[in-house]
Each structure stands twice: as structure tokens, then as C-alpha cells.
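First to last, the sequence lines map onto chains R and V.
855 is the number that my numbering gives the last residue of the first sequence; the numbers go up by one with no jumps.
855 is the number that my numbering gives the last residue of the second sequence; the numbers go up by one with no jumps.
Every residue, glycine too, gets a C-beta built ideally from N, C-alpha and C.
Predicted model, so just to flag it, every value in this text is computed and none were measured.
Here's the structure we're looking at; comments come further down.
Protein chains: 2
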Amino acid sequence: MQRYTQQRNAILNALVAAARPMSPQEVLVAAREATPSLGIATVYRNLKLLVGDSLVHAVELPGEPPRYEVADLGHHHHFKCTACDRVFDVGECVADLKRLLPAGFTLERHDITLYGRCRDCGAGARPRPRR
Amino acid sequence: MQRYTQQRNAILNALVAAARPMSPQEVLVAAREATPSLGIATVYRNLKLLVGDSLVHAVELPGEPPRYEVADLGHHHHFKCTACDRVFDVGECVADLKRLLPAGFTLERHDITLYGRCRDCGAGARPRPRR
DNA sequence: TTGTATGCAAAGCGTTTGCAGTGAT
DNA sequence: ATCACTGCAAACGCTTTGCATACAA
């Protein structure tokens with residue numbers, strides 16, 4: 725990271741404010757509040773830069789393009805609401821994944837993604853509009 | 725599924741023979757052994773059809789396009805070797821995922837992806853070439 | 001004979017890159 | 001004054017779709 729720019733600052737601020745993983749499009753919309761001329765290419769370039777500097781972390785969910793969140797959140801996993809498509813962080817993690825492995829395999833890391841209804845969309849509630 | 729075709733049969737056979745999740749490109753290459761004129765569009769169309777008929781299951785790993793495997797394998801998860809990039813099925817699954825959820829959230833399903841070294845690539849072994 | 005399925009090529013879609021101009025240092 | 005950064009538009013890679021032809025029924 726070499727220079728401070730309005731755009732980069734707006735992108736990082738958007739991620740901090742959202743406090744959940746955002747898609748590049750979501751970042752674009754949010755950061756344009758501060759920098760209306762912002763282009764999508766700049767969002768992608770800065771997300772990559774910020775990930776490279778470990779200020780931002782890429783959240784890869786199965787079957788969809790990566791989202792991004794601030795990096796200082798420690799080990800956690802993600803919950804995707806099947807009604808509104810928003811993604812939330814979930815804390816602590818199950819232990820004992822090693823025992824799933826066949827003999828001779830070694831475990832380096834793992835991803836867990838949970839799917840269901842979030843508080844807003846649960847049970848009889850009228851779901852929020854998707855994402 | 726309405727008609728039997730050589731192409732569809734070749735695609736399904738390739739998946740059965742591989743016994744692990746394959747990318748559409750891998751399916752194309754394998755199925756062309758039986759049907760050399762096969763086109764990639766037909767692979768995609770048939771994978772979608774076969775998934776619709778629950779004969780094939782889409783395996784979505786974080787950060788990469790879906791792979792496909794035969795559907796009659798029951799509940800399991802996946803292990804991706806960080807050296808050779810092959811994906812393996814792993815059996816039984818951890819319980820107790822519900823306790824990860826914040827209050828008010830309900831759990832419908834989950835994905836677990838493990839990463840590490842497979843038997844062939846483990847420890848001091850010279851890794852296989854990447855997929 | 002009928003109409004689903006196929007192969008090709010063009011179109012989509014999200015992401016990346018080339019380039020000339022902008023602006024932080 | 002530099003040169004990293006930006007915005008635009010073109011390029012990319014993977015997947016989907018339109019269309020005329022082929023072939024299972």
C-alpha cells in the first residue's frame with residue numbers, strides 16, 4: 725500500500741461499517757456514498773490490495789463469488805440466510821474435525837458454511853428482500 | 725429426462741467411473757473417449773439435467789466453480805488436497821453444529837470443506853502433479 | 001414424423017487489464 | 001514533478017443461450 729486515496733479509504737470504511745462480508749457490488753454501492761465517481765474496477769483492485777496487506781479477508785462461500793470483510797475478526801465461520809442471502813459471522817468452531825480424515829491424510833485448515841434462516845427471516849416472519 | 729442419448733450416457737458413465745467430483749472440463753475430456761464429437765455446451769446442459777433428476781450432485785467448494793459427482797453417496801463432505809488439488813469424499817460428519825448459531829437463527833444445512841495433504845502427497849512424499 | 005438433444009458460435013456475467021488522465025506525495 | 005491510482009472500456013474465462021441440424025422415439 726503506497727498512497728492514501730479517497731477511494732481506498734471509502735472502501736475500507738464501508739467494510740468496517742457493514743460488519744459482515746460484502747460482495748464487490750455491495751462495496752461499490754456503499755463506498756459511493758463517500759466517493760460517487762468510484763468505479764467497479766477500483767473496488768476490485770483495492771480489495772485485492774487490502775487482502776494482500778491483510779487488512780481485509782476474502783470470504784469464499786461454496787458456489788458463489790467471494791465476499792470481503794475486515795481481517796481482524798479471528799477464526800470464525802459463516803452463516804448464509806436462505807431467504808435474504810445475507811451472510812453473517814458465527815463464532816466458535818467445532819473441534820474434532822481430524823477424526824473425519826481417512827488414514828494418511830493430514831488436516832491444514834477447514835471451511836464451514838451454515839445455511840438456514842436468520843433472525844429477521846426466521847419462522848413465520850416475512851423475509852427481507854434478497855440481498 | 726426424456727430421451728436416451730449417447731452423450732448423456734457417456735457423461736454419466738464418466739462420473740461413475742471417476743468416483744470423485746469432476747469439473748465440467750474433466751467430464752468433457754473423459755466422456756469424449758466414448759463420444760468424440762461431444763461439445764462443452766452439451767456437458768453443461770446434461771449436468772444440469774442430471775442434477776435436476778437427482779442422478780448427479782453438484783459439489784460446490786469455496787472459491788472455485790462447481791464439480792459434479794454421482795448422487796447416491798449419502799451425506800458426506802469433501803477434502804481438497806492442497807498439493808495435487810484433487811477432491812476426495814470424507815464420510816461421517818460432526819454433530820452439534822446448531823450450537824454455533826446466534827439466538828433466533830435456524831439451521832437447514834451445512835457444508836464442510838477440509839484442506840490438507842492426501843495420502844499420496846502427505847509428509848515427505850513428492851506431490852503428484854496438480855490436477 | 002415429431003420434437004428433444006446436439007454442436008457451433010454468439011451472448012452473458014463477473015472479474016481483470018490496458019491505457020490515458022488524475023492527484024497524492 | 002513523479003508515478004501510483006483512477007475511470008473507462010475492452011478483454012477474459014467460464015457458463016448459458018439461439019439456432020439450424022441430427023437423431024431417438
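Query, Result
"To the nearest angstrom, report how far apart Ala741 of chain V and Gly815 of chain R are at their CA atoms.", "40 Å"
"Identify, in the order they occur along the chain, each residue of the same chain with its Cβ nearer than 8 Å to the Cβ of Gln749 of chain R, setting aside the five sequence neighbours on each side.", "Ile764"
"Grouping DSSP H, G and I as helix and E and B as strand, with all else coil, what is Gly840 of chain V?", "strand"
"Is Cys808 of chain V closer than 8 Å to Asp844 of chain V when the C-beta atoms are compared?", "yes"
"So which residues on chain R does Glu784 of chain V lean against when the C-beta distance must stay under 7 Å?", "Pro786 and Gly787"
"Which term fits Arg833 of chain V, buried or exposed, when burial requires 16 or more other beta carbons within 10 angstroms of its beta carbon?", "exposed"
"Is Leu736 of chain V near Leu774 of chain V, with beta carbons less than 8 Å apart?", "yes"
"Determine which residues of the segment 757-778 of chain R have a Cβ less than 9 Å from any Cβ of chain V, and write them out in chain order.", "none"
"Between which two residues does the beta strand (DSSP E) holding Glu788 of chain R run?", "Premise fails: Glu788 of chain R is in no beta strand (DSSP E) and is neither H nor E."
"Would you mind reading off the limits of the beta strand (DSSP E) that contains Ala782 of chain V?", "Val780 to Val783"
"Considering only residues of the same chain and omitting the five flanking positions on each side of Lys804 of chain V, which have a CB-CB separation below 7 Å?", "Leu785, Val811, Thr837 and Tyr839"
"For Arg744 of chain V, which option in V:Val767, V:Val794 and V:Lys772 has the closest C-alpha, if you only look at C-alpha atoms?", "V:Val794"
"With 8 Å set as the bound, which would you pick, yes or no: does the beta-carbon of Thr806 of chain V sit closer than that to a beta-carbon of chain R?", "yes"
"Got a sec: which bits of the segment 829-845 of chain V sit with their beta carbon under 8 Å from any beta carbon on chain R, in order along the chain?", "Phe829, Thr830, Leu831, Glu832, Arg833, His834, Asp835, Ile836, Thr837, Leu838, Tyr839, Gly840, Arg841, Cys842 and Arg843"
"Compute the beta-carbon to beta-carbon distance between Val767 of chain V and Val751 of chain V, rounded to the nearest angstrom, for a pair I have assumed lies under 8 Å.", "5 Å"
"Is the distance from the Cβ of Leu759 of chain V to the Cβ of Gln726 of chain V below 8 Å?", "Here residue 759 of chain V turns out to be Thr, not Leu, going by the sequence shown. Not closer than 8 Å, so no."
"Going by CA-CA distance only, name the one from V:Lys822, V:Gly828, V:Leu824 and V:Arg841 that's closest to Lys822 of chain R.", "V:Arg841"
"In chain V, what lies closer than 9 Å to Val814 of chain R by C-beta?", "Leu824, Leu825, Pro826 and Phe829"
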